[in-house]
Structure formats: C-alpha cells, structure tokens
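Q: With numbering that gives the first Met the number 0, you'll find the sequence shown wraps up at 122, consecutive numbering, no jumps. Here it is: the structure, laid out below.
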Amino acid sequence: MKKKSIVQLGAAALTIMSVGVGSPAIAASHTSAAPAAVSGAKPGPQDASCNTWKTNRAPWGGSAYCSGMAWADTFRVKLTCINYRGQTFTVYGPKKHTNETSSATCSSDPNVGVLSVAVEESA
C-alpha cells in the first residue's frame with residue numbers, strides 16, 4: 000500500500016469539509032498545494048529529479064542525489080556490479096530522503112567494477 004503525502008491527505012480533508020460547507024471552504028484555502036491536488040497532479044516520485052554518478056577510482060562505487068520528492072518518500076542508489084569473471088551482482092545504498100545522497104561500493108576489490116548506477120524510489 001502506498002503512503003499518502005500530507006498534501007494528499009489535506010486535499011482529501013478539504014474536499015470532505017467543502018461538501019458540507021460549500022465553495023467558501025475551498026476559497027478560504029490559500030495553500031499552493033491545494034490547486035495541485037484538485038487538478039489531479041500528485042506530489043511524489045514523479046516530481047523528483049535524481050542525478051547518479053560512478054566513482055572515478057577504486058574502490059568502485061556510485062551515488063545518487065534526489066530532490067523534489069515528498070517528505071515521506073525515500074530513494075536509494077542501486078549499483079549493478081561486475082567482477083573479473085563477468086558475473087554481475089546488485090548492491091544497494093542506504094535509503095535517503097529528498098536533498099540527500101545515497102552511496103554504495105561494489106567491493107573493496109579493485110577488480111570489481113560498476114556496470115550501471117540507478118535509483119530505486121519508494122513512495
């Protein structure tokens with residue numbers, strides 16, 4: 000089950016309150032989030048902007064930085080690593096919130112490299 004952001008819950012409460020009171024309840028709200036919730040736009044991972052990068056020397060690893068996420072949403076870096084035999088494996092960094100950096104290292108072995116760096120988001 001997805002967690003709902005405070006903006007979504009506030010919009011739902013505002014809608015419920017406006018049913019009994021009428022349109023003045025909506026007009027009284029001057030929050031910038033209410034129009035987004037009313038128009039159907041949802042805050043969350045789709046609004047996030049994430050950058051990823053690899054380290055440029057051993058030990059090989061990668062990082063991800065995301066911004067613009069809802070306060071309750073998290074993300075983590077996902078590394079696909081490859082060893083000298085061509086075998087691949089996945090390493091995840093710690094879960095972080097918006098405006099933070101998640102980093103991970105494939106291995107302390109300098110012969111293990113990073114094949115790809117991605118972001119795994121959760122809402």
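For each residue, glycine too, the CB sits at the ideal point set by N, CA and C. On a predicted model such as this, the values are computed, not experimentally measured, just so you know.
What does a CB cutoff of less than 6 Å around I81 pick up in its chain, not counting 5 residues either side in sequence?
A: As a position in the sequence shown, residue 81 is number 82, starting the count at 1. The answer, listed in chain order, is T87, G112, L114.
Q: Taking only the alpha-carbon atoms, compute the straight-line gap between G21 and G92 and give it to the nearest angstrom.
A: Here residue 21 refers to the residue found at position 22 of the sequence shown. Here residue 92 refers to the residue found at position 93 of the sequence shown. Because G21 sits at a pLDDT of 40, beneath the cut-off of 50, its placement in the model cannot be relied upon, and the point is left open.
Q: Classify T100: buried if its beta carbon has 16 or more other beta carbons within 10 angstroms, exposed otherwise.
A: Along the sequence shown, read from residue 1 onward, the residue named residue 100 stands at position 101. With fewer than 16 Cβ atoms within 10 Å of its Cβ, T100 is classed as exposed.
Q: With a threshold of 16 other CB atoms inside 10 Å of the CB of A27, please say whether the residue is buried or exposed.
A: The residue you call residue 27 lines up with position 28 of the sequence shown. With a pLDDT of 37 at A27, under the threshold of 50, the modelled position of this residue cannot be trusted; read the value that follows with caution. Exposed is the call here.
Q: Between A117, S48, R56, G61, which has its C-alpha nearest N110's C-alpha?
A: Taking the first residue of the sequence shown as 1, we reach residue 110 at position 111. Considering only alpha carbons, the answer is R56.
Q: Spatial neighbours of E119 within its chain, please: CB distance less than 6 Å, with the 5 preceding and 5 following residues excluded, ordered by chain position.
A: Stepping through the sequence shown from its first residue, residue 119 is reached at position 120. Cβ within range, chain order: R75, K77.
Q: Could you please give me the residues that DSSP links to R75 through a beta bridge?
A: Position 76 of the sequence shown holds residue 75. Bridge partners of R75: E119.
Q: Taking C-beta to C-beta, are S121 and T73 nearer than 7 Å?
A: To locate residue 121, count along the sequence shown from 1; it is residue 122. To locate residue 73, count along the sequence shown from 1; it is residue 74. Yes, Cβ-Cβ distance for S121 and T73 is below 7 Å.
Q: In three-state DSSP terms, what is N82?
A: Your numbering for residue 82 matches position 83 in the sequence shown. N82 falls in the coil class under three-state DSSP.
Q: What residue does the beta strand (DSSP E) around S102 start on, and which one ends it?
A: Here residue 102 refers to the residue found at position 103 when the sequence shown is read from its first residue. S102 -> beta strand (DSSP E) spans 99-104.
Q: Could you tell me if Y83 is buried or exposed, where buried requires 16 or more neighbouring beta carbons within 10 angstroms of its beta carbon?
A: Sequence index remark: in the sequence shown, residue 83 carries index 84 (1-based). When all chains shown are included, Y83 counts as exposed.
Q: Can you give the Cα-Cα distance for C105 and S66, rounded to whole angstroms?
A: Along the sequence shown, read from residue 1 onward, the residue named residue 105 stands at position 106. Along the sequence shown, read from residue 1 onward, the residue named residue 66 stands at position 67. Cα to Cα, C105 sits roughly 24 Å from S66.
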